[in-house]
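Numbering (this note's numbering), first residue to last: 6 to 94. Cβ atoms here follow ideal geometry from the backbone N, Cα and C, with glycine treated the same way. Below is one structure, written out as structure tokens, with a few remarks after it.
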């Protein structure tokens with residue numbers, strides 16, 4: 006990991022990183038406080054599609070390439086989503 010990826014390039018980059026990190030922290034806290042979170046029917050239906058699972062991996066990878074903090078938090082959110090989908094289905 007390069008140290009350059011930890012430093013925002015500009016004001017917009019820093020604000021977007023902050024917004025995404027706060028949103029993902031909020032999502033992870035919400036998901037972590039309950040074992041079976043009710044997901045929208047669309048997200049439950051999409052779970053059966055391999056393309057959706059590939060898209061989730063792509064989101065984690067792109068988030069980690071952009072900012073390691075975003076990558077870690079998005080990976081945690083995806084892991085919690087996968088665990089809940091395994092329990093639901």
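Exercise for the section: Give every residue of the same chain whose Cβ lies closer than 7 angstroms to the Cβ of residue 68, excluding the five residues on either side of it in the sequence, and list them in chain order. Expected result: The sequence position of residue 68 within the chain shown is 63, counting from 1. If we look at residue 68 and ignore the five residues flanking it on each side, its Cβ neighbours are 75, 76, 79.
Handout entry: Residue environment, residue 34, which counts as buried when at least 16 other CB atoms sit within 10 Å
Key = Taking the chain shown and counting its residues from 1, one reaches residue 34 at position 29. It is exposed - the Cβ of residue 34 has fewer than 16 other Cβ atoms within 10 Å.
Practice task
Answer yes or no: do residue 94 and residue 32 have a C-beta to C-beta separation smaller than 8 angstroms?
Solution key: Taking the chain shown and counting its residues from 1, one reaches residue 94 at position 89. Taking the chain shown and counting its residues from 1, one reaches residue 32 at position 27. It is not a contact, given that the beta carbons lie outside the stated cut-off.
Handout entry: Local conformation of residue 79 per DSSP, three classes
Key = Translated into positions along the chain shown, residue 79 becomes position 74. It is helical.
Practice task
Could you tell me if the beta carbon of residue 81 falls within a distance shorter than 7 angstroms of some heavy atom in the ligand GTP?
Solution key: Among the components modelled here there is no ligand, and therefore nothing to report on the ligand GTP.
Exercise for the section: Report the residue ranges of all alpha helix (DSSP H) runs contained in full by the stretch 43-72; include only those spanning at least 4 residues, in chain order. Expected result: 46-51, 55-71
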